[in-house]
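Reading through the structure tokens given below for one structure.
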Amino acid sequence: MLTSLLPGFRHLRTPFAVGALFTFTFWIWRGASIPTHNEMHGFPGRLYSLAELAGRPITTAVLAFVVYVIGDILKLSTDQLSILNKSPHLSLVNYFDLRRFARSAFEKRAPHGEPSGLVDSLTRKIFEDGFSEIRMRLIVSHLDLYLEHDRTESEGEFRANVAVFSALLWITLAFKWSPLFAVGLLASAMLLVNGLRTLTDANKIIVQALISGVVTSRYYEEEKQRDQASEDEAGRDNT
Numbered sequence: 086m087l088t089s090l091l092p093g094f095r096h097l098r099t100p101f102a103v104g105a106l107f108t109f110t111f112w113i114w115r116g117a118s119i120p121t122h123n124e125m126h127g128f129p130g131r132l133y134s135l136a137e138l139a140g141r142p143i144t145t146a147v148l149a150f151v152v153y154v155i156g157d158i159l160k161l162s163t164d165q166l167s168i169l170n171k172s173p174h175l176s177l178v179n180y181f182d183l184r185r186f187a188r189s190a191f192e193k194r195a196p197h198g199e200p201s202g203l204v205d206s207l208t209r210k211i212f213e214d215g216f217s218e219i220r221m222r223l224i225v226s227h228l229d230l231y232l233e234h235d236r237t238e239s240e241g242e243f244r245a246n247v248a249v250f251s252a253l254l255w256i257t258l259a260f261k262w263s264p265l266f267a268v269g270l271l272a273s274a275m276l277l278v279n280g281l282r283t284l285t286d287a288n289k290i291i292v293q294a295l296i297s298g299v300v301t302s303r304y305y306e307e308e309k310q311r312d313q314a315s316e317d318e319a320g321r322d323n324t
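Last residue of the sequence shown: number 324 in the working numbering, and the count goes up by one each step with no gaps.
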């Protein structure tokens with residue numbers, strides 16, 4: 086039961102942390118201009134009265150939900166984080182492993198000259214479009230591998246998002262109170278590097294599952310069928 090609940094908790098923590106950091110940053114920036122209960126009128130005043138009527142536990146729960154929704158809207162996805170990395174979340178070693186795997190789909194055509202352009206195209210297609218399909222196949226056939234990938238990816242996404250939004254917090258604190266708070270940007274930068282590295286490790290799991298034959302890619306299978314068809318056609322031409 087605990088194993089089935091943990092993935093859900095992992096996906097809750099990132100939006101909640103982002104929402105909390107953003108809300109705290111906004112409070113530091115504009116908190117002084119927020120009116121008190123006695124200064125509130127109209128609909129905001131009604132909200133204050135409703136909060137008093139509901140009590141602190143319910144009000145806290147509602148505020149936590151609002152913080153979560155804000156974070157879920159603002160959080161950066163893995164695709165958006167790849168822009169910060171200026172490259173896809175794949176190490177050079179894993180890229181060449183994936184390219185070597187893609188080259189095996191052209192075994193029959195290789196004697197006539199290695200189709201390097203086709204190999205590069207298949208490699209990009211598997212990585213950019215095929216990983217989501219591979220994840221689905223892992224869920225069906227190797228759930229343990231998928232959960233390990235999901236855990237690692239969630240950890241990387243959490244670290245990178247906290248790094249980005251904590252950087253905004255340090256900048257706000259430095260501007261509003263003391264420039265010394267800018268030192269915190271170093272911690273945010275280190276956390277961002279660790280987060281991007283963890284996202285790369287998550288994709289490493291998928292690459293290794295693919296090249297070891299644990300799971301396959303639809304794009305690879307289609308190219309492999311074309312390769313076999315080219316051999317059959319060459320055999321007919323020779324006869």
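Even glycine gets a Cβ: it sits at the ideal position worked out from N, Cα and C.
At a Cβ-Cβ threshold of 9 Å, V152 and F101 count as neighbours. In terms of Cα proximity to T257, the closest of W114, T99, A105 is W114.
Three or more beta-carbon pairs separated by less than 8 Å are not found between the stretch 264-281 and the stretch 178-193, which leaves the two stretches without contact. In the same chain as K309, and ignoring 5 residues on each side of it, the C-beta atoms closer than 7 Å to its own belong to A190, in chain order. Residue range 228-261 is occupied by the alpha helix (DSSP H) that includes K261. Shown here, T301 sits in coil according to DSSP, grouped into three states, outside any helix or strand.
For I155, the enclosing alpha helix (DSSP H) begins and ends at 141-159. With at least 16 other beta carbons inside 10 angstroms of its own, G280 counts as buried. The C-beta of L228 has fewer than 16 other C-beta atoms within 10 Å across all chains shown, which makes the residue exposed. Here the C-alpha atom of I168 lies approximately 10 Å from the C-alpha atom of H174.
Nearest C-alpha to T108 among E242, S239, L253: L253. Contact check for E218 against A287 fails: the beta carbons are separated by 9 Å or more.
Leaving aside the five residues that flank G156 on each side, the residues in its chain whose CB is nearer than 6 Å to its CB run, in chain order, P100, F101, V103, G104.
I291 sits buried, since 16 or more C-beta atoms from the chains shown fall within 10 Å of its C-beta. The Cβ atoms of N246 and L295 do not sit closer than 9 Å to each other.
DSSP places F181 in the uninterrupted alpha helix (DSSP H) bounded by 177-188. Here H96 carries a helix assignment [DSSP, helix/strand/coil].
Where S162 is concerned, there is no enclosing alpha helix (DSSP H), because DSSP gives it neither an H nor an E. Contact annotation: F212 and R95 have beta-carbon atoms that are not nearer than 9 Å.
In this structure, the beta-carbon distance from S226 to V299 falls below 9 Å.
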